[in-house]
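Trainee:
Residue numbers (this note's numbering): 131 to 199.
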């Protein structure tokens, strides 16, 4: 599709996209980084990757052994 458009049309599309992006609200990384860190630390107790899954609730636990006769 991009090859079918002229350079002028491609530049116009890029300018339109940049106009949309400039309207997005921005936040300082010093603020958002702290918020993300606080959220992750608050949710760490509920994270099964950190605390593990109890054997009785593990859906991937092997049900038994395979025996070939």
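Ideal placement from N, C-alpha and C gives every residue a C-beta, glycine not left out.
Source: prediction; values computed, not measured.
With DSSP as the reference, label residue 160 as helix, strand or coil.
Mentor: Position 30 of the chain shown, counted from the start, is the residue given in the question as residue 160. It is helical.
Trainee: Along the alpha helix (DSSP H) that carries residue 197, what are the first and last residues, could you check?
Mentor: Stepping through the chain shown from its first residue, residue 197 is reached at position 67. Unbroken run through residue 197: none, as it is neither H nor E.
Trainee: In this structure, how does DSSP classify residue 183 when only helix, strand and coil are distinguished?
Mentor: Within the chain shown, the letter at position 53 stands for residue 183. Reduced to three states, the DSSP call for residue 183 is coil.
Trainee: Would the beta-carbon of residue 172 fall within 7 Å of that of residue 180?
Mentor: Walking along the chain shown from the start, residue 172 turns up at place 42. Walking along the chain shown from the start, residue 180 turns up at place 50. It is not a contact, given that the beta carbons lie outside the stated cut-off.
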